[in-house]
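Visitor: Numbering of the sequence shown is given in our numbering, commencing with residue 557 and proceeding in unit increments.
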Amino acid sequence: MTRSFSNQTFRFAPSSNGFLHLGHAYSALLNFDMARATGGRMLLRIEDIDLDRCRPEFEQAIYEDLDWLGISWEVPVRRQSQHFDVYAAALDRLRADKLIYPCFCSRGEIMASVAGKPDWPRDPDGSPLYPGLCKHLSEAERKRRLASGRPAAQRIDMAAALKAVGYPVGWREARGAGADGCDMTANPALWGDAVLARKDIQTSYHIAVVLDDALQGVSDVVRGEDLFMATHLHRLLQALLDLPAPSYHHHGLLRDASGQKLSKSLRAKSLRALRQEGLSPGTARNMLGSESIALSRIAL
Numbered sequence: 557m558t559r560s561f562s563n564q565t566f567r568f569a570p571s572s573n574g575f576l577h578l579g580h581a582y583s584a585l586l587n588f589d590m591a592r593a594t595g596g597r598m599l600l601r602i603e604d605i606d607l608d609r610c611r612p613e614f615e616q617a618i619y620e621d622l623d624w625l626g627i628s629w630e631v632p633v634r635r636q637s638q639h640f641d642v643y644a645a646a647l648d649r650l651r652a653d654k655l656i657y658p659c660f661c662s663r664g665e666i667m668a669s670v671a672g673k674p675d676w677p678r679d680p681d682g683s684p685l686y687p688g689l690c691k692h693l694s695e696a697e698r699k700r701r702l703a704s705g706r707p708a709a710q711r712i713d714m715a716a717a718l719k720a721v722g723y724p725v726g727w728r729e730a731r732g733a734g735a736d737g738c739d740m741t742a743n744p745a746l747w748g749d750a751v752l753a754r755k756d757i758q759t760s761y762h763i764a765v766v767l768d769d770a771l772q773g774v775s776d777v778v779r780g781e782d783l784f785m786a787t788h789l790h791r792l793l794q795a796l797l798d799l800p801a802p803s804y805h806h807h808g809l810l811r812d813a814s815g816q817k818l819s820k821s822l823r824a825k826s827l828r829a830l831r832q833e834g835l836s837p838g839t840a841r842n843m844l845g846s847e848s849i850a851l852s853r854i855a856l
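#1: How big is the Cα-Cα spacing for residue 641 and residue 708?
#2: Bridge partners of residue 599, per DSSP?
#3: How about residue 764 and residue 638: are their beta carbons less than 7 Å apart?
#4: What residues in its chain sit with their C-beta under 6 Å from that of residue 587, if we drop five residues either side in the sequence?
#5: Judging by CA-CA distance, which residue of 775, 605, 835 and 650 is the nearest neighbour of residue 591?
#6: Would you list the residues sitting across from residue 748 in a DSSP beta bridge?
#7: With which residues is residue 577 paired in a DSSP beta bridge?
#8: How is the beta strand (DSSP E) around residue 658 delimited, first residue to last?
#9: Keeping to the same chain, check which residues put their C-beta closer than 7 Å to that of residue 724; ignore five residues upstream and five downstream.
#10: Counting only runs of 3+ residues fully inside the segment 627-685, write out the beta strand (DSSP E) ranges in chain order.
#11: I need the straight-line Cα distance from residue 619 to residue 811, nearest angstrom please.
#12: In whole angstroms, what is the alpha-carbon distance linking residue 574 and residue 827?
#13: So what does DSSP say about residue 759, is it helix, strand or coil?
#14: Quick check on the burial criterion: 16 or more other C-beta atoms within 10 angstroms. Buried or exposed for residue 771?
#15: Check whether the segment 648-658 and the segment 623-631 are in contact - that is, three or more C-beta pairs closer than 8 Å.
#16: Report the three-state DSSP secondary structure of residue 804 (helix, strand or coil).
#17: Please list, in chain order, all residues of the same chain as residue 766 whose beta carbon is under 8 Å from its beta carbon, the five residues on each side excluded.
#18: Quick check on the burial criterion: 16 or more other C-beta atoms within 10 angstroms. Buried or exposed for residue 928?
#19: Out of 658, 604 and 808, which one is the CA nearest neighbour of residue 696?
#20: Could you give the distance in angstroms between the alpha-carbon of residue 576 and the alpha-carbon of residue 633?
#21: Closest by CA to residue 685, which one among 801, 762 and 671?
#22: Please name the residue, chosen from 705, 605, 629 and 582, that lies closest to residue 597 on a Cα-to-Cα basis.
#23: Which same chain residues, not among the five before or five after residue 610, have their C-beta less than 7 Å away from its C-beta?
#24: Would you kindly check if the distance between the Cβ of residue 784 and the Cβ of residue 806 is under 7 Å?
#25: Specify the secondary structure class of residue 838 as computed by DSSP and reduced to three states.
#26: Within 10 Å of its beta-carbon, does residue 769 have 16 or more other beta-carbons around it, so buried, or fewer, so exposed?
#27: Would you identify the three-state DSSP class for residue 785, choosing helix, strand or coil?
#28: Which residue's Cα is closest to the Cα of residue 754: 584, 662, 580 and 583?
#29: How is residue 794 classed by DSSP in three states: helix, strand or coil?
#30: So what's residue 779 in DSSP terms, helix, strand or just coil?
#31: Going by Cα to Cα distance, which pick from 589, 760, 608 and 607 is closest to residue 599?
#32: With a 10 Å radius around its C-beta and 16 neighbouring C-beta atoms as the bar for buried, classify residue 593 as buried or exposed.
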C-alpha cells in the first residue's frame, strides 16, 4: 500500500520494564523536537506486552521523566497490553494465508540442531537462523501437539511470505526533520523464519509495532540504530498486512565510557537517579542537544 498520511506524526514508544535513562531521553527529545519543527503530532506509546517484566510503577515513572524533560504528548496513551486482540487478528490473517506455522522447539533444541556447524547462518541479532525443525510437520501432527497442550511459538514462513508479496520492498531512510534521505531495499530473508508470536506472550515486538504504527497514523518512525535491521522484517510485515510504510530515521546511540550502548540490562544510570543527583532539565537538554552526541561516549 502506498503511504498515506494527513500530517507528520511521531512517536516515542518505551517499554515499561525499567526506568528511562539518557539514551531514552535523547530519542524522546529527538521525536518531540522533530514533531514541533514540522508542525506534526507527538504520540507516546507504552510497549508492555511482556506482562511479567512490565510494571505500573515503571510506566508512571515514564510519564514523570518525560514531563520533567518538558515533553508533551497527545492523550490517550496507547498501551499495547490492551490490544492483544488486534495482534491476534493479524496473526490469524497470516495463518489463513499459510504464512506462519507453529513451532514447538525450545532454544536448546535449536542450538543442538546446529551444533558443530560453525558456518550456519545467523540473523542480525546473532542467533542461528531457524533450521526448520517444525516447518514440515504434517497438519495432523501440528493439531495433535496443540491439542496435547504443548506451547507453540508462531514463525513466519519466510519463503512463502516473500513469494506472497511478489515484489521488492524498501523504505525511505531520512536523515532528520526536513532533511533529504535515501531509499533502502529491504532484505527480510536475513531474519529467516523469525518468531512473530512467542510461546509465553502470543505476540511479538515485530507484529505489535507495525500494527500500532499503522493504527496510530505514525508517519515518521524515529528510533535507535540498534533497530535498523528490524526494519527489513517490519517492511515485509507491512506489505503482507497492507499497512502504510512510514519514513524511518535510525539515530545514533548514546554509549558509556567503555563504548557499550546505554541500556536497562546493563544498569545504565536512570533519569530518576540523575534527577536526584541534581541534574536539571536544561542541563539534560544541553547534553543531548545535537545528534552528534549520540556518536560520542559519555561518562556516567
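Virtual Cβ for every residue (Gly too), placed ideally from N, Cα, C.
What you are looking at is a predicted structure, and each value in this text was computed from that prediction instead of being measured.
Guide: Once the coordinates are examined:
#1: 18 Å
#2: DSSP, once it has assigned bridges, lists 567 as partnering residue 599.
#3: no
#4: Hits under 6 Å: 566, 568 and 778.
#5: 775
#6: Answer is none; residue 748 lacks a bridge partner.
#7: Its beta-bridge partners are 826.
#8: 656-659
#9: 741
#10: 656-659
#11: 24 Å
#12: Distance from the CA atom of residue 574 to the CA atom of residue 827, rounded to whole angstroms, is 11 Å.
#13: coil
#14: exposed
#15: no
#16: strand
#17: Excluding sequence positions up to five before and after residue 766, its CB lies within less than 8 Å of the CB of 790, 793, 794, 797 and 799, all in the same chain and listed in chain order.
#18: Residue 928 lies beyond the stretch modelled for the chain, which goes from 557 to 856, so this question has no answer here.
#19: 658
#20: 17 Å
#21: 671
#22: 629
#23: 571, 572, 573 and 604
#24: yes
#25: helix
#26: Result: buried.
#27: coil
#28: 662
#29: helix
#30: strand
#31: 589
#32: By the neighbour-count rule (16 or more Cβ atoms within 10 Å), residue 593 is not buried but exposed.
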